[in-house]
Structure formats: C-alpha cells, structure tokens
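*Asks:* Residue numbers (the numbering used here), protein chains in the order written: chain A, 1 to 416; chain B, 417 to 584.
Questions regarding the structure given below will be posed in turn.
Right, dumping it as structure tokens:
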C-alpha cells in the first residue's frame with residue numbers, strides 16, 4: 001500500500017470511528033443571534049469571546065458593550081506599574097492573597113480578523129499583593145500562556161491548564177518562598193478544559209466521568225460514572241460544597257432549532273448522582289459564589305427569525321444545588337442600553353459582565369465605567385475578595401496599542 | 417435555485433466538518449468548537465450564504481480558518497470540553513483510555529496545522545487542488561508546495577519507499 005492509500009485508509013478509519021453527539025443547531029442559532037445583536041451594537045466580537053462571560057481564570061475584555069441605566073457606585077484607582085511589558089490576553093488568577101498575572105500576547109489578533117501568524121505567547125509573570133499595594137516578578141511559566149489557557153486557584157496553589165496541539169498539559173505553581181512550577185503527571189487524556197476547584201481539589205470532566213486532582217496530595221482520582229438519563233452533552237463540572245455538579249444539555253434532544261436545549265444538572269453527593277429539575281437557561285458557564293451556582297450571562301435567546309422559540313430564554317441564571325431551585329438573573333442585568341467597559345470576570349460575590357458589575361448576593365447591578373487610559377479589549381481581570389483588578393489589554397485602531405497599566409475597581413459601600 | 421434551510425445544512429454537514437476539523441486540530445473539543453462557531457457566524461449571514469452555489473464549501477472554508485486561527489482567537493469556550501481521542505463504542509471505558517498507536521496517524525498529527533489541513537482536504541474530503549486552495553484562501557501553487565512538504569516529511573518519518581501524492 002503506497003502512502004496515498006495509507007493516508008486515505010487512515011483518515012477513513014480514524015475519522016470514521018469518531019462517535020459524534022448530535023450537533024446543537026439551537027446553540028448555533030443562539031450564538032448567531034448574539035452575533036447579530038452585537039454587530040448591531042457595533043461590537044464585533046467573535047463568538048468564542050462572547051462565551052467568555054463568567055469563565056474564571058482567563059478573562060477578556062470585549063470592548064464597549066451596552067449596559068443598563070444603573071448609576072455607577074464604585075471607583076477605579078490605578079495600581080503601581082506592574083513589572084511586565086505591555087500585552088493583551090494575559091491570564092490572571094486570585095490566589096486568596098495575591099493576584100497573579102501570567103503570559104499574554106504581544107501581537108493580539110484584532111476582533112474579527114484572520115491572523116495567520118502564531119503568537120506563541122509570553123511566559124513571564126508577576127504577582128500583585130493588595131495588602132501592600134506592590135508588584136513582584138514571579139517564576140515564569142514553563143509554557144507560553146495565552147488565550148485558551150486557564151488558571152485557577154486550589155488551596156493556595158495555582159493550577160495552569162495549558163492547551164497544546166496533542167492535548168492539555170497541566171502545571172501547578174506554588175507561591176514564594178517555593179516560587180516554582182511543577183508539571184502535573186498522568187493527566188487523563190479525555191479531560192475537559194474548564195476545571196473547577198474547591199479547597200485543594202480540582203474537578204474536571206473526562207468523558208462521562210469526573211476526575212479530581214488533589215493539589216495537596218498530588219494524585220488523581222475518578223468519581224463513579226454519571227448514569228442519569230438522558231446523558232448530558234457539552235458537559236461542565238462546577239465544584240460546590242454539595243458535591244460536584246455536572247451540567248450540560250440533553251444529548252437526545254433533537255436540537256431542531258424549534259425548542260431549545262435547556263441546561264440540566266446532576267449533583268454527586270459522594271455516593272450517587274442525582275438529577276436536579278431542569279433549569280430555564282441555555283448557557284452553561286457556572287461559578288460557585290458561596291451559596292449558589294451563577295452564570296452571569298445577561299443575554300437572552302429567542303430562537304432566531306425562523307421558527308422562533310415559544311418564548312425568550314435567558315442565557316444565564318442561578319442554581320442552588322442543594323434544593324435544585326433555578327432562578328433567573330435580576331432584570332436589571334441586561335444588554336439593553338448604555339455603555340460600560342466590557343471586562344468580564346466571575347468572582348466569589350461580584351461578577352463583571354457585559355459592562356456591568358453584578359452583586360450576586362444582593363442582586364444589585366451597577367455600570368462599570370472604563371478608566372481613562374485603559375485599553376479597550378483583551379484586558380486580564382480577576383476579583384480579589386473586594387475589588388476587581390484589571391491589567392493590560394489592547395486598543396485596536398490604525399495601529400494596535402498595548403497597555404501594561406493596571407487598575408482596581410472597588411464597589412462603594414451601600415448608602416445607609 | 418433552491419435555497420437550503422439552515423437546519424438542514426447543519427444536520428447534513430456538522431458531522432463531516434467536525435471530523436475534518438478534528439483531523440486538522442487533533443483536538444475533538446476544539447474541532448466541535450470551530451464548527452459550532454463557523455455555523456454561528458454563518459447563521460448571522462445565512463441569507464447571503466444560503467444563496468451561494470456551494471454553501472458547504474463556504475462553511476468548510478470558515479471551519480478550516482477557525483481551526484487554523486483557533487490558538488489566537490480562543491478565549492474560553494462554549495464547547496464540549498474534551499481532548500479525547502476518537503470515541504469508541506464503549507465510550508464510558510474509552511474516555512480515560514490512551515489512544516492506540518498508528519504510525520500514519522501519529523506522523524500526520526506531527527505535521528504543521530496548515531499541512532494537516534491540506535492532507536485532510538485531499539485525502540478525506542477528496543478535494544481538488546483548486547478546491548483546497550479555495551478552502552485555505554491561498555493559491556494552488558501554495559497547496560502543491562504544502563502537500564509536497566507534508567508528504568516528504570511523512571515519507572521520511574514512515575521510511576516509506578514510494579513517491580506518493582505526486583498527482584496532488
């Protein structure tokens with residue numbers, strides 16, 4: 001058999017055996033509708049950016065986006081100069097003590113542009129200590145870190161999930177005095193790339209199972225398979241004190257675009273999986289806020305111009321894994337009018353989303369203004385216990401202007 | 417001309433495009449992401465795309481571009497999060513199993529993404545040189561040189577004695 005034949009046979013065999021779930025045409029319509037909305041608003045951002053809302057770790061600015069009419073009740077202050085060069089799309093994480101900024105790009109791709117060259121990403125990193133209001137360089141990452149990579153903190157240790165062509169590579173970073181990166185061995189091949197952490201345990205999907213990496217013990221374990229029916233597709237796991245919650249859509253749903261696939265959730269109580277009542281939302285990017293799972297995507301979906309859904313569905317919402325109760329986001333969180341800084345960052349309590357700050361404890365929503373001199377897009381952002389820290393970014397125009405300035409936004413205390 | 421419905425095109429082409437994207441990216445989750453993103457963008461302009469002579473060719477070009485530019489565009493994804501090798505019939509046990517070895521597949525997977533794209537479009541999609549050039553947005557001569565380089569690399573890595581792919 002010559003090479004031509006071997007190639008044809010290999011492709012036929014390898015690609016033919018890929019067992020694909022049914023594609024989600026409703027989700028494609030939904031994203032397409034969002035893109036239409038955003039284009040009307042003059043905010044052309046790729047779909048992959050749109051869905052970055054409410055994802056922890058790697059956070060992106062999406063330019064000026066519409067917000068509700070709420071008054072600003074917070075203030076910005078510029079932080080000391082970070083020991084990092086100007087860049088966009090750095091990764092950022094709050095460890096509980098410091099904000100780490102890692103990697104980023106010197107040549108970010110403008111929105112809606114086709115960028116042929118590959119920016120390998122930067123490795124250098126720095127830590128900001130809000131207690132002392134100081135920056136310090138830390139050990140550079142072992143790999144270039146950029147868009148698509150993910151950071152999270154587990155038990156004071158940072159976990160980096162780095163995407164690479166042949167699968168993901170996982171690393172831990174231990175803060176000073178150790179100040180060192182270590183590659184995590186034996187990463188399951190099928191592991192998903194949006195892990196979630198609680199305490200020292202990092203949870204990730206791996207096919208129908210959930211795998212757990214304990215950063216203190218340095219070992220992997222696997223939870224029993226979730227056998228609830230119908231099987232969930234597009235699975236994600238969110239770590240909660242009530243057990244890991246796997247969310248996804250019904251893999252048997254026809255996805256015909258006429259009725260949407262609302263998100264379903266299974267919670268593992270330590271022994272068995274239990275299916276919660278169906279949510280009323282379509283998005284699936286959750287963050288545990290201490291009492292509920294929060295997906296702070298304020299967009300809504302109507303099913304498009306052809307065969308619209310029977311009613312408008314929200315993308316985001318709130319889910320209590322203890323009771324299974326799902327509730328919508330407050331109406332004040334919307335994409336209807338006004339403008340705010342499109343820095344997206346989920347936090348423990350606050351969420352920066354679509355130019356607004358949503359307080360998931362009180363339900364209040366305020367506009368997030370863009371500080372003078374801040375970059376329009378590609379800023380890294382993360383919430384500390386009480387402030388939103390933003391670093392770098394790019395402003396695209398005739399030339400691309402990169403920033404290495406950093407700010408902190410603090411919500412004003414409530415008026416008595 | 418009959419204008420195809422969006423849902424029909426999605427249903428008909430989603431699996432094949434995912435497989436093609438997977439062959440280029442080597443990552444199933446990112447392949448599904450790329451195809452889903454391409455379809456979302458296509459929905460935005462479906463009235464125009466649906467009137468093209470070959471909407472599927474346009475979609476294929478969108479998908480390939482999504483995959484090739486994925487590293488730069490990716491933020492966080494709305495995807496099926498799996499780096500799994502192709503699923504087996506017993507997906508539950510295969511999910512955590514390592515992929516089995518295959519010399520050709522491994523050698524192809526080691527090629528640069530653009531060369532992988534040329535090969536999968538030629539040997540899986542059965543496209544002509546001109547069609548591959550259209551899909552990649554380059555000239556036929558570039559396709560020829562990319563294919564030649566890819567096959568030369570494969571021959572070296574596989575220690576293959578024959579001169580295959582000269583007709584590409």
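All residues carry an ideal CB built from backbone N, CA and C; glycine is no exception.
Just so you know, these numbers come straight off a predicted model, no measurement behind them.
Go to residue 548 of chain B, then tell me how far its alpha helix (DSSP H) extends in each direction, as first and last residue.
*Replies:* By 1-based counting over the second chain, the position of residue 548 of chain B is 132. For residue 548 of chain B, the enclosing alpha helix (DSSP H) starts and ends at 545–552.
*Asks:* What's the call for residue 277 of chain A, buried or exposed, on a 16-neighbour Cβ count within 10 Å?
*Replies:* For the purposes of this step, residue 277 of chain A is taken as the residue at position 277 of the first chain. The residue in question, residue 277 of chain A, is exposed, as its Cβ has fewer than 16 Cβ neighbours within 10 Å.
*Asks:* Is there a Cβ of chain B sitting closer than 8 Å to that of residue 43 of chain A, yes or no?
*Replies:* On the first chain, residue 43 of chain A is found 43 positions in, with the first residue counted as 1. With a pLDDT of 32 at residue 43 of chain A, under the threshold of 50, the modelled position of this residue cannot be trusted; read the value that follows with caution. So, not an interface residue.
*Asks:* Quick one, which of A/394, A/135 and A/409 has its alpha-carbon nearest residue 403 of chain A's?
*Replies:* To locate residue 403 of chain A, count along the first chain from 1; it is residue 403. Of A/394, A/135 and A/409, the residue nearest in Cα terms is A/394.
*Asks:* Counting only C-beta atoms, is residue 400 of chain A closer than 8 Å to chain B at any point?
*Replies:* Working through the first chain from its first residue, we reach residue 400 of chain A at position 400. No, no contact with chain B.
*Asks:* Between the C-alpha atoms of residue 253 of chain A and residue 551 of chain B, what's the straight-line distance to the nearest angstrom?
*Replies:* Start at 1 with the first residue of the first chain, and residue 253 of chain A comes out as number 253. Start at 1 with the first residue of the second chain, and residue 551 of chain B comes out as number 135. Approximately 32 Å between the Cα atoms of the pair.
*Asks:* Closer than 8 Å, CB to CB, is residue 456 of chain B near chain A or not?
*Replies:* The sequence position of residue 456 of chain B within the second chain is 40, counting from 1. Residue 456 of chain B counts as touching chain A.
*Asks:* Am I right that residue 349 of chain A and residue 361 of chain A are in contact with their C-beta atoms under 8 Å? What's the rounded C-beta distance?
*Replies:* As a position in the first chain, residue 349 of chain A is number 349, starting the count at 1. As a position in the first chain, residue 361 of chain A is number 361, starting the count at 1. At roughly 5 Å, the Cβ-Cβ gap stays under 8 Å, so residue 349 of chain A and residue 361 of chain A are in contact.
*Asks:* Enumerate in chain order the residues of its own chain whose CB-to-CB distance from residue 202 of chain A is below 6 Å, with the five nearest sequence positions on each side excluded.
*Replies:* Position 202 of the first chain, counted from the start, is the residue given in the question as residue 202 of chain A. So the qualifying residues of the chain are 154, 159, 195 and 213.
*Asks:* Whose Cβ in chain A lies nearer than 8 Å to the Cβ of residue 439 of chain B?
*Replies:* Taking the second chain and counting its residues from 1, the one referred to as residue 439 of chain B is at position 23. Chain order gives the chain A residues near residue 439 of chain B as 11, 14 and 15, where near means a beta carbon separation below 8 Å.
*Asks:* Does the structure place the segment 341–360 of chain A close enough to the segment 320–327 of chain A that three or more beta carbon pairs sit under 8 Å?
*Replies:* By the Cβ test, the segment 320–327 of chain A is not in contact with the segment 341–360 of chain A, since fewer than three Cβ pairs between them sit closer than 8 Å.
*Asks:* Grouping DSSP H, G and I as helix and E and B as strand, with all else coil, what is residue 404 of chain A?
*Replies:* Looking up residue 404 of chain A in the first chain gives position 404. Per DSSP, reduced to three states, the secondary structure at residue 404 of chain A is strand.
*Asks:* Nearest by alpha-carbon distance to residue 367 of chain A: which of A/359, A/374 and A/391 is it?
*Replies:* One-based indexing of the first chain puts residue 367 of chain A at position 367. Measuring from the Cα of residue 367 of chain A, the nearest candidate turns out to be A/359.
*Asks:* Are the beta-carbon atoms of residue 3 of chain A and residue 567 of chain B separated by less than 8 Å?
*Replies:* Stepping through the first chain from its first residue, residue 3 of chain A is reached at position 3. Stepping through the second chain from its first residue, residue 567 of chain B is reached at position 151. Against a cut-off of 8 Å, the Cβ pair of residue 567 of chain B and residue 3 of chain A comes out as a contact.
*Asks:* Please report the Cβ distance between residue 167 of chain A and residue 144 of chain A, rounded to the nearest whole angstrom; I am assuming they are in contact, meaning their Cβ atoms lie under 8 Å.
*Replies:* By one-based count along the first chain, residue 167 of chain A stands at place 167. By one-based count along the first chain, residue 144 of chain A stands at place 144. 16 Å between Cβ atoms; not a contact.
*Asks:* Should residue 31 of chain A go down as buried or exposed, given a rule of 16 or more other Cβ atoms within 10 Å for buried?
*Replies:* For the purposes of this step, residue 31 of chain A is taken as the residue at position 31 of the first chain. Buried, by the Cβ-count rule.
*Asks:* Please name the residue, chosen from A/234, A/223, A/104 and A/279, that lies closest to residue 24 of chain A on a Cα-to-Cα basis.
*Replies:* Against the first chain, residue 24 of chain A aligns to sequence position 24. For the residues A/234, A/223, A/104 and A/279, the minimum Cα distance to residue 24 of chain A belongs to A/234.
*Asks:* Pick helix, strand or coil for residue 314 of chain A, following the three-state DSSP scheme.
*Replies:* Taking the first chain and counting its residues from 1, one reaches residue 314 of chain A at position 314. If DSSP states are grouped into helix, strand and coil, residue 314 of chain A belongs with the strands.
*Asks:* For residue 32 of chain A, go through chain B and note every residue whose CB falls closer than 8 Å to its CB, in chain order.
*Replies:* For this step, residue 32 of chain A is matched to residue 32 along the first chain. Correct list: 455, 456, 457, 458, 459, 460 and 462.
*Asks:* Under a three-way DSSP split, which group does residue 370 of chain A fall into?
*Replies:* For this step, residue 370 of chain A is matched to residue 370 along the first chain. Residue 370 of chain A falls in the coil class under three-state DSSP.
*Asks:* Does DSSP put residue 416 of chain B in a helix, a strand or coil?
*Replies:* An answer regarding residue 416 of chain B cannot be provided, because it is not within the stretch 417 to 584 covered by chain B.
*Asks:* Could you confirm whether any beta carbon from chain B is found closer than 8 Å to the beta carbon of residue 8 of chain A?
*Replies:* As a first step, residue 8 of chain A must be located in the first chain, where it is residue number 8. Chain B, which has a Cβ nearer than 8 Å to the Cβ of residue 8 of chain A, makes this yes.
*Asks:* Throw me the rounded Cβ distance for the residue 232 of chain A and residue 431 of chain B pair, which I believe falls under 8 Å.
*Replies:* As a first step, residue 232 of chain A must be located in the first chain, where it is residue number 232. As a first step, residue 431 of chain B must be located in the second chain, where it is residue number 15. About 20 Å; that fails the 8 Å criterion.
*Asks:* Considering only residues of the same chain and omitting the five flanking positions on each side of residue 261 of chain A, which have a CB-CB separation below 8 Å?
*Replies:* In the first chain, the residue the question calls residue 261 of chain A occupies position 261. The residues are 24, 26, 27, 249, 250, 253, 255 and 282.
*Asks:* If you draw a straight line from the alpha carbon of residue 182 of chain A to that of residue 246 of chain A, how long is it in whole angstroms?
*Replies:* In the first chain, residue 182 of chain A corresponds to position 182, counting from 1. In the first chain, residue 246 of chain A corresponds to position 246, counting from 1. About 28 Å.
*Asks:* Name the one or two DSSP bridge partners that residue 167 of chain A has.
*Replies:* On the first chain, residue 167 of chain A is found 167 positions in, with the first residue counted as 1. Paired residues: A/164.
*Asks:* Mind pulling the chain B residues with CB within less than 7 Å of residue 376 of chain A?
*Replies:* Walking along the first chain from the start, residue 376 of chain A turns up at place 376. The contacting residues do not exist; residue 376 of chain A stays about 15 Å from chain B at best.
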